[in-house]
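In terms of the UniProt record's numbering, the sequence shown has 40 at position 40, counting the first letter as 1, and numbering is strictly consecutive.
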Amino acid sequence: MEVDRHFIKENIEEGTICMTYVPTTGQVADILTKGLAKPLFEKLIDKLGMYNVETAPVVPEFPPKLDWLNTAPLKFSKDLKGKVVVLDFWTYCCINCMHVLPDMEFLEKKYQDMPFTVVGVHSAKFDNEKDLEAIRNAVLRYNITHPVSFIFI
Numbered sequence: 001m002e003v004d005r006h007f008i009k010e011n012i013e014e015g016t017i018c019m020t021y022v023p024t025t026g027q028v029a030d031i032l033t034k035g036l037a038k039p040l041f042e043k044l045i046d047k048l049g050m051y052n053v054e055t056a057p058v059v060p061e062f063p064p065k066l067d068w069l070n071t072a073p074l075k076f077s078k079d080l081k082g083k084v085v086v087l088d089f090w091t092y093c094c095i096n097c098m099h100v101l102p103d104m105e106f107l108e109k110k111y112q113d114m115p116f117t118v119v120g121v122h123s124a125k126f127d128n129e130k131d132l133e134a135i136r137n138a139v140l141r142y143n144i145t146h147p148v149s150f151i152f153i
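Here it is in structure tokens:
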């Protein structure tokens, strides 16, 4: 599938968030610690285009009804401004989500002195995953220390 980067550039101020998939052979931690191979990096930049940070659009805030663990409610415009933020969407019932946690912990330690943070977003798909106490227990069991947001709809 071809990404129309001009469409993205022309419409990004309307709140469009574009995420692209570029096949890699590495894990998230490998990509962020070792970097992307030059051809893959160039492919990614070609798909996304480049933006001047000073004129980049404002990131939408987290919805006000989110509940949080490990932190008070966060705002991109205040608490996360100027930081690289990894949003880790997960549920405590997802084994693949649990397998990513060591990578997130590694990144948090590696970049602890940098403007970098991980924010977990617990995104329950099933009713049994909407149990606050179960989410809290998972955060404790897996020693998740970064902020975790969740909302029950």
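Virtual Cβ for every residue (Gly too), placed ideally from N, Cα, C.
Check	Outcome
Spatial distance of K75 from P60 (CA atoms)	9 Å
Selection from L132, Y142 and V118 that minimises the alpha carbon distance to A124	L132
Alpha helix (DSSP H) segments (min. 4 residues) lying fully within the UniProt domain "Thioredoxin" (50–153)	95–110 and 132–141
Cα-Cα separation between K78 and T71, rounded to whole angstroms	14 Å
Neighbourhood of E108 by C-beta distance below 7 Å, restricted to the same chain and skipping five residues each side	V118 and H146
Nearest-angstrom beta carbon gap, L66 and F152 [assumed within contact, 8 Å]	With a Cβ gap of about 10 Å, F152 and L66 do not count as contacting.
Rounded Cβ spacing between V148 and L87 (contact assumed at less than 8 Å)	Contact flag wrong, Cβ pair sits at about 11 Å.
Within 9 Å, strictly: CB atoms of C97 and F89	yes
Cutoff 8 Å; reference A138; Cβ partners in own chain excluding five residues on either side	Y92 and I144
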